[in-house]
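K.L.:
Just dropping this structure here.
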Amino acid sequence: MSKMNPMDLPLNWQIVRFQEVVKFTKKPKDLRYSEYSEVPFVPMNLIPIATLFSEEFTLKPTNALSSGTYFEPGDILLAKITPSFENGKQSIIEDLPTPFGIATTEVIPIREVEGVSDRVYLFYYLLSPDVRALLTARMKGTTGRLRLGAETLADLEFPLPPLAEQRRIVAKLEVLFAQLDAAVDNLKKAQVQLQRYRQSVLKAAFEGELTRKEKEVHLDSWESIKLSEFITLESGSRPKGGVRWIEKGIPSLGGENLTRKGSLCFDKVKYVPDKFFNSMKNGHIQLSDILVVKDGTIGKISFVEDDFPYKRAAINEHLFIVRVDSKVAFPKFVFYYLLSSAGQEQIRLDIRGITVPGITRQFVKRVEVPLPSFTEQEQIVSELERYLSVADAVETTLDIELKSAERLRQSILKHAFSGKLVPQDPNDEPASVLLEKIQDEKEHQQPKRKKTITRRKTPTSTKQLSLPLD
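Each number in the working numbering comes from the position in the sequence shown (counting from 1) with 663 added on.
Printed below as a string of structure tokens:
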């Protein structure tokens, strides 16, 4: 966010520093955790994304506490470490069985200043995309471990409306977001239903239902053959000998390039030098190859279509290439079977490992594919693609609508914090009066300096002292 121009805001708003309108919660000096047998603990995984209120915590024995961040009921818990901050992890926890809780050390606990700021207004301001972008740019640390400092957050410019207007803005946001959330929820339900539709079509295909109208189908004539009998299997590899990923070169595809619906995406392609590709004996991608994820997100499978954008490409160590003998089976028929629930169930029988589950090369010896005649294989693929193309069109529309909903949410937030979401009321107490209250409160809390008389034994130079600003 660039520096905000006060002229862009209503006249009764003020630009202040964030620290003027919030309190950063700190543990009282006289508090002893040992006075409690157990306390509520909030690890990072229990802090939801962009969720106003949360009730998620675990009870942890105090003698098991080695570290943590003190917070009180009603605090905004703001994740400060990447990628949790960028993902929008923040929430308010109100109901605790004790007067306080302990959260992960990677949060900043924040609360409003009574009579000056509204905590829900603060909450939504911290979700504003412009604010997030500004704070993300100011995070410090090493790659992958960047953190937002409390001092950076304290120095953030904050548009302060009258308190009454803050509450009107919050009320309007809650109405608009409730409507938007309901619409998004319906879109996501439609996506789930679409996935079920895909599986139902695939199931019908391999039960002979899609081609039953074309001719009499005799499923007993289908032959069940193990995958290992008519395919070759290749594993990918990672760059060796100190070779690193580069910006240009030979594409090396991984699990992130496979989608759940069976297509390929090229948003996050990594590249390796030509010499690495040339030294590989296996793992070179060809048209009509079936790519199978072997660890991580098991079950993701894609097919290399004729419009594959690269003349040369490889797979990394997280993928297998299944190359079908086209004299035995139609490659795309095998791909669709492996994508079906029946094929997925057989693949998952080979899952090994707990920390990082994966499948071994042996899965091709377990998976059996029902093969009809070549003619019927082609007919089934043709019918499948006719049905699935409709699903693809619907999915594209759903994706566009979801992205549109997110853009609308960001637009609403931008209007909220520029004074354009609700009308101003001339009867509201201006924000300038709130600032006076803040200043009066500071002066009231400022301890009076005691007059002391010091005797100097030796002359010293006189230096002007300045008190640190709050």
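For every residue, glycine included, the Cβ atom is placed at its ideal position computed from N, Cα and C.
Apart from the five residues just before and just after ALA827, which ones in its own chain have a Cβ nearer than 6 Å to its Cβ?
P.N.:
Looking up residue 827 in the sequence shown gives position 164. The residues are ASP1091.
K.L.:
Could you give the first and the last residue of the continuous alpha helix (DSSP H) run that contains TYR788?
P.N.:
Stepping through the sequence shown from its first residue, residue 788 is reached at position 125. Element bounds for TYR788: 782-790.
K.L.:
Could you have a look at ASP930 and say whether DSSP puts it in helix, strand or coil?
P.N.:
Within the sequence shown, the letter at position 267 stands for residue 930. Note: ASP930 maps to coil in three-state DSSP.
K.L.:
Closest by CA to ALA845, which one among GLU1069, ILE710 and PHE687?
P.N.:
Taking the first residue of the sequence shown as position 1, residue 845 is located at position 182. Cα-wise, what sits closest to ALA845 is GLU1069.
K.L.:
Are the region 755-765 and the region 672-684 in contact at 8 Å, needing three or more beta carbon pairs?
P.N.:
At 8 Å Cβ cutoff, the stretches do not touch.
K.L.:
Tell me whether PHE966 sits in a helix, a strand or coil according to DSSP, three-state version.
P.N.:
Here residue 966 refers to the residue found at position 303 when the sequence shown is read from its first residue. Here PHE966 sits in strand by DSSP.
K.L.:
Rounding to the nearest angstrom, what Cα-Cα distance links PRO822 and SER717 in this structure?
P.N.:
Along the sequence shown, read from residue 1 onward, the residue named residue 822 stands at position 159. Along the sequence shown, read from residue 1 onward, the residue named residue 717 stands at position 54. Computed Cα separation, rounded: 26 Å.
K.L.:
In terms of alpha-carbon separation, which member of LYS1066, GLU919 and LYS1083 lies closest to LYS851?
P.N.:
In the sequence shown, the residue the question calls residue 851 occupies position 188. It is LYS1066 whose Cα lies nearest to the Cα of LYS851.
K.L.:
Tell whether a beta-carbon distance below 9 Å holds between ARG986 and GLN949.
P.N.:
Your numbering for residue 986 matches position 323 in the sequence shown. Your numbering for residue 949 matches position 286 in the sequence shown. Cβ atoms of ARG986 and GLN949: closer than 9 Å.
K.L.:
Hey, would you say LEU797 sits closer than 9 Å to LEU819, going by beta carbons?
P.N.:
Looking up residue 797 in the sequence shown gives position 134. Looking up residue 819 in the sequence shown gives position 156. Yes, Cβ-Cβ distance for LEU797 and LEU819 is below 9 Å.
K.L.:
How would you label LEU1132, buried or exposed, when you count the other beta carbons within 10 angstroms and need 16 or more for buried?
P.N.:
Against the sequence shown, residue 1132 aligns to sequence position 469. Note that LEU1132 has pLDDT 33, beneath the 50 cutoff, so the model's placement of it is unreliable and the number below is only indicative. When all chains shown are included, LEU1132 counts as exposed.
K.L.:
According to DSSP, which residues form a beta bridge with HIS1078?
P.N.:
Stepping through the sequence shown from its first residue, residue 1078 is reached at position 415. According to DSSP, HIS1078 bridges with nothing at all.
K.L.:
On the DSSP letters alone, give me the boundaries of the beta strand (DSSP E) that TYR999 sits inside.
P.N.:
Counted from its first residue, the sequence shown places residue 999 at position 336. Taken as a continuous stretch (DSSP letters only), TYR999 belongs to no beta strand (DSSP E), being part of the alpha helix (DSSP H) at 994-1002.
K.L.:
Can you give me the Cβ contacts of ILE801 inside the same chain, cut-off strictly under 7 Å, excluding the 5 residues immediately before and after it?
P.N.:
In the sequence shown, residue 801 corresponds to position 138, counting from 1. Looking at the sequence shown, residue 801 is not Ile but Arg. If we look at ARG801 and ignore the five residues flanking it on each side, its Cβ neighbours are THR815.
K.L.:
Tell me ALA766's beta-bridge partners as DSSP assigns them.
P.N.:
Translated into positions along the sequence shown, residue 766 becomes position 103. Paired residues: VAL705 and THR732.
K.L.:
Would you call ASN750 buried or exposed, if buried means 16 or more other Cβ atoms sit within 10 Å of its Cβ?
P.N.:
Working through the sequence shown from its first residue, we reach residue 750 at position 87. Under this definition ASN750 is an exposed residue.
K.L.:
Within 10 angstroms of its Cβ, does ILE1063 collect 16 or more other Cβ (buried), or is it exposed?
P.N.:
Indexing the sequence shown from 1 puts residue 1063 at position 400. Result: exposed.
K.L.:
I need the straight-line Cα distance from ARG680 to ALA817, nearest angstrom please.
P.N.:
One-based indexing of the sequence shown puts residue 680 at position 17. One-based indexing of the sequence shown puts residue 817 at position 154. Distance between the alpha carbons of ARG680 and ALA817: 7 Å.
K.L.:
Out of GLU1048, ILE744 and LYS1028, which one is the CA nearest neighbour of ILE894?
P.N.:
Start at 1 with the first residue of the sequence shown, and residue 894 comes out as number 231. Here the closest residue by C-alpha is LYS1028.
K.L.:
Could you tell me the alpha carbon to alpha carbon distance between GLN682 and ASP930, rounded to whole angstroms?
P.N.:
To locate residue 682, count along the sequence shown from 1; it is residue 19. To locate residue 930, count along the sequence shown from 1; it is residue 267. Taking the straight line joining both Cα atoms gives about 40 Å.
K.L.:
Can you name the residues that DSSP bridges to PHE887?
P.N.:
Here residue 887 refers to the residue found at position 224 when the sequence shown is read from its first residue. Looking at the sequence provided, one finds Ser at residue 887 rather than Phe. Paired residues: PRO1033.
K.L.:
Can you check DSSP and say which residues form a bridge with SER898?
P.N.:
For the purposes of this step, residue 898 is taken as the residue at position 235 of the sequence shown. Answer by DSSP bridge pairing, in chain order: PHE983.
K.L.:
Would you call the CB atoms of GLY812 and LYS743 closer than 9 Å?
P.N.:
Working through the sequence shown from its first residue, we reach residue 812 at position 149. Working through the sequence shown from its first residue, we reach residue 743 at position 80. Taking 9 Å as the Cβ cut-off, GLY812 and LYS743 qualify as a contacting pair.
K.L.:
Please say whether GLU719 and ILE756 have beta carbons closer to each other than 9 Å?
P.N.:
Against the sequence shown, residue 756 aligns to sequence position 93. Against the sequence shown, residue 719 aligns to sequence position 56. Contact: yes.
K.L.:
Tell me the start and end of each unbroken beta strand (DSSP E) in the region 821-888 that is at least 3 residues and wholly inside, in chain order.
P.N.:
Correct list: empty.
K.L.:
Output yes if chain D places a C-beta closer than 9 Å to the C-beta of ILE1022; else output no.
P.N.:
The question asks about chain D, but that chain is absent: this structure has only one protein chain.
K.L.:
Within 10 angstroms of its Cβ, does THR1123 collect 16 or more other Cβ (buried), or is it exposed?
P.N.:
As a working mapping, residue 1123 is identified with position 460 in the sequence shown. Note that THR1123 scores 41 on pLDDT, short of 50, meaning its location in the model is unreliable; the coordinates nonetheless yield the value given after this. The residue in question, THR1123, is exposed, as its Cβ has fewer than 16 Cβ neighbours within 10 Å.
K.L.:
Are LEU728 and PHE704 touching if we call contact CB-CB under 9 Å?
P.N.:
As a position in the sequence shown, residue 728 is number 65, starting the count at 1. As a position in the sequence shown, residue 704 is number 41, starting the count at 1. Going by C-beta atoms, LEU728 is nearer than 9 Å to PHE704.
K.L.:
Quick check on GLY778: buried or exposed, where buried means 16 or more other Cβ atoms within 10 Å of its Cβ?
P.N.:
Counted from its first residue, the sequence shown places residue 778 at position 115. It is exposed - the Cβ of GLY778 has fewer than 16 other Cβ atoms within 10 Å.
K.L.:
Out of curiosity, what's the CA-to-CA distance linking ASP952 and ALA977?
P.N.:
Here the question's residue 952 lines up with position 289 in the sequence shown. Here the question's residue 977 lines up with position 314 in the sequence shown. Taking the straight line joining both Cα atoms gives about 12 Å.
K.L.:
Taking Cβ to Cβ, would you say LEU715 is nearer than 9 Å to SER754?
P.N.:
Stepping through the sequence shown from its first residue, residue 715 is reached at position 52. Stepping through the sequence shown from its first residue, residue 754 is reached at position 91. Yes, they are a contact pair.
K.L.:
Kindly indicate the opening and closing residues of the beta strand (DSSP E) around PHE940.
P.N.:
Mapped onto the sequence shown, residue 940 falls at position 277. From DSSP, PHE940 is part of no beta strand (DSSP E) but of the alpha helix (DSSP H) over 937-942.
K.L.:
Is the beta carbon of PRO936 closer than 9 Å to that of TYR973?
P.N.:
Stepping through the sequence shown from its first residue, residue 973 is reached at position 310. Stepping through the sequence shown from its first residue, residue 936 is reached at position 273. Going by C-beta atoms, TYR973 is not nearer than 9 Å to PRO936.
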